[in-house]
Amino acid sequence: MSGLISRLRQLRHSDQSIAASVRATLLESLYASPQSLVIGALTSSGIMGIVAYVSGNLAMIACAVAIALVAGIRVGDALGRQRQRRPAPDRVKGSWTKRQEFLYRSGALGYSALLGTFGLLTLVHTNDGVLQLLAVTTTIGYAAGIAGRNAGRPWIALSQLCFASLPLTVGLIVSLQPLKMALALVIVLFVVAMMDITLQTYGVILKATLVSREKAALAEHHAAIARRDDLTGVANRTAFREQFEARLQALGRSETRLAIYWLDLDRFKEINDSFGHLAGNALLAGVAQRLNDAFGTTGIVARLGGDEFAVICEVIQLSDASAIGQRIIDLVEQPVHHDGRTLHVGASLGIAIAPPDGTDADTLLKNADLALYRAKDSGRGQMRFYEPLMDEKIERTRDLGAEMQGALERGEFHLVFQPIFDLTGDRILSCETLLRWTNRRHGAISPAEFIPIAEDNGLIVAIGSWVIREACRIASSWPNDVTIAVNLSPIQLRSANLPTVIMSALAAGGFAAERLELEVTESVLLEDIEASLAALDAINRLNVRTTLDDFGTGYSSLSYLTKFPFQTLKIDRSFIADLEQSPASVAIVQTVIELAAKLGMRTVAEGVETHAQLEQLRRTRCDAVQGFLLAHPMPASMVATMLAGDDVKALGRS
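Quick note on full-length UniProt numbering: the sequence shown kicks off at 1 and runs consecutively.
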């Protein structure tokens, strides 16, 4: 008995300390089997009604009526609770649980007290053994059922047990009959035993509830992690797909539309190549945070992989979609600060609208992706809405991108060379290396088409490294006074391993560093002056020469000539083409040549196609000339033939 009392004390403290959510789950167990409650209420109130009717006792009749009324209320509560939706989580943890438990406890204790009272009245006011047997067994049976059914809230179960059983012991004891008094003792022992069973059952239920909730919380945590991008914290591709499809189903026939924004960060690979992956990760996280702050509450923000993101927003009109797209671009263009550096990227954006551009997720995502390719093809920093005509061109671009994977290994790339002559046109000073691609499926592909694709998919670094190695290998068999020129892409220039690639190529080919010239265009210098300057300095420290190519195309600035360590300046063909008709072009070319000479730089005029142009350049004292008039791009074997021949000039003009 002392152990039972100690457990009851522990129960009071533990019951007060359980979490509200656990209490709510235990409360649900009271309604887990409404059928048993209904059957118990109907049978017990029916039996008590029969006993009261047969006895004719007014007090018993009144008590039976009260039992029937409370039974009806409890049955209605149980059935109504079964049909009712479960409350929201914030209500579960609040006053709703306490109110619901109070109502259940009031009905349960009232019903138990009425049953106990009816049994007491039956024992006191009747001498009919059958009636007494019906009243006592019905009440004890109800008390036994309570111990298991309501064990989830033990104080309710124990109180019901006492309220129903103890009045019977009083009725049996006051009769002063030995057998009835013995039965009273049995009932007391029964109550003690049932209290112990109730406490044990409660312990099992509580433990099972806690374990179940822990497993559910762990599963929910794992599910959340599985649907969240580890780096940025926004939704990943899996979660995006699930949420997107749910939004599509919810559209229905409403006038609301869904705008799908598929965006790709412009020049992100250059950030990785120049500053490392930690800087790239910081940039991705910063962009994701801004997008999520702006659109995560009402829409969907996800990272689909690499530097690709998707945003879903509800829109009414096309103008709304356009305004949101511009806001996304503006958010991405905001700088991200990392490790003392300010990182900048832009965004290209493809937009598809549901339902006009598709009603299922696959179609819409495909169309948004096609629009993204068109945006990138338009010069970056652009957004484009999906149009059906996009498919053919984009599919070719994608196909070429896929074919480019492995093209080096298959030997599909090869080099051709265009000689650069002295002013007489009799001696080859250098050769410009030009890359060509002949694909197994598409045949010969223009560099103007495949170079941007290689830059977009990051293969330009590997391809460019191969070009440097191959050019050095081929030119190593040429005379020592002939140099080789190789063009560098912006991504390749800022690649951290470029000096290593150069040294490896020189060593492998046994090629002197002074015979290698690396050419960059003006546009490269505009994007990141400090990084470009550092890269060019690193190249010059290897005794490799650098050339500013296409000088005069759009962004010309004489400051480049003083800031950057160039040894050669190539004058763009657009000025050379106008030498015959435009005195202004003659003056510009003459000025550039004189300025370059004063700065210690050689000049090369490219795009020479007529004798008049060549004669004009001879008058300006340009150092070297290049163009179709002198020689077309040719394979290495033909260059070797020209270098070995006695009449280079004649061969060059043929």
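Each residue gets a CB set at the ideal place from its N, CA and C atoms; glycine is no exception. No experiment lies behind these values; they were computed from the predicted model shown.
In terms of Cα proximity to Thr603, the closest of Thr610, Glu615, Thr620, Thr641 is Thr620. The C-alpha of Asp550 is placed about 18 Å away from the C-alpha of Ile529. For the 9 Å CB-CB criterion, Arg541 and Thr483 do not form a contact.
In this structure, DSSP gives Glu314 an extended state, which the three-state scheme calls strand. Out of Arg290, Ile312, Pro447, Asp307, the CA that lies nearest to the CA of Gly299 is found in Ile312. Excluding sequence positions up to five before and after Asp578, its CB lies within less than 6 Å of the CB of Ser585, all in the same chain and listed in chain order. Between the region 354-363 and the region 256-273, the count of Cβ pairs shorter than 8 Å is three or higher; the stretches touch. Closest in alpha carbon position to Val520, among Ser446, Thr433, Arg469, is Thr433. For Leu400, the closest C-alpha among the options Leu278, Arg440, Pro583, Glu409 is that of Arg440. Taken through DSSP and simplified to helix, strand or coil, Thr483 comes out as strand.
Closest by C-alpha distance to Gly80, out of Ile271, Leu536, Val51, Tyr104, is Tyr104. According to DSSP, residue pairing for Asn292 in a beta bridge does not occur. The three-state reading of DSSP puts Ser212 in helix, counting H, G and I together. In chain order, Val461, Ile491, Arg494, Ser495, Ala496 place their CB closer than 8 Å to the CB of Asp273, counting only its own chain and leaving out the 5 sequence neighbours on each side.
Between the alpha carbons of Gly381 and Lys215 lies a distance of about 47 Å. Boundaries of the beta strand (DSSP E) around Phe551: 545-551. Annotated as proximal: Phe309 and Leu263, with beta-carbon spacing under 9 Å.
From the listed residues Thr363, His337, Phe385, the smallest Cα separation to Leu318 is found for Phe385. Under the rule that a run must span 3 or more residues, the beta strand (DSSP E) segments found entirely inside the region 420-450 read 428-439, 443-445. Taking C-beta separations shorter than 6 Å and ignoring five residues to either side along the sequence, the partners of Ile474 in its chain run Ala636, following chain order. Fewer than three pairs of CB atoms, one per stretch, sit closer than 8 Å, so the region 284-293 makes no contact with the region 363-374. In this structure the region 457-472 touches the region 403-412; the number of beta carbon pairs closer than 8 Å is three or more. Judged by DSSP secondary structure, Trp262 falls within the beta strand (DSSP E) whose first and last residues are 257-266. Comparing C-alpha distances from Leu415 to each of Asp360, Arg427, Gly340, Asn487 shows the shortest one belongs to Asn487. Judged by beta-carbon spacing, Gly425 lies within the 9 Å limit of Leu630, meaning their Cβ atoms are closer than that value. When DSSP states are grouped into helix, strand and coil, Val234 belongs to the coil group. Of the candidates Gln326, Gln100, Ser165, Ser165 places its Cα closest to the Cα of Leu123.
Checking the DSSP bridge columns, you'll see Glu519 partnered with Asn487, Thr547. Look at Gly600 here: in three-state DSSP terms it is coil, with no helix or strand label.
Here Ala321 has Ala259, Val315, Ile351, Ile353 as same chain residues with Cβ atoms under 7 Å from its own Cβ, once five neighbours each way along the sequence are excluded.
When DSSP states are grouped into helix, strand and coil, Gly350 belongs to the strand group.
The alpha-carbon of Thr591 is positioned some 17 Å away from that of Gln581. When C-alpha distances from Leu278 are compared across Val336, Gly325, Val301, the shortest belongs to Val336. Taking Ala513 as reference, the option from Gly276, Asn543, Phe268, Glu522 with the minimal CA-CA separation is Asn543. Note on geometry: alpha-carbon atoms of Ala538 and Ile394 lie some 38 Å from one another.
In this structure, Ala64 and Phe118 form a Cβ contact; the two beta carbons are roughly 7 Å apart against a cut-off of 8 Å.
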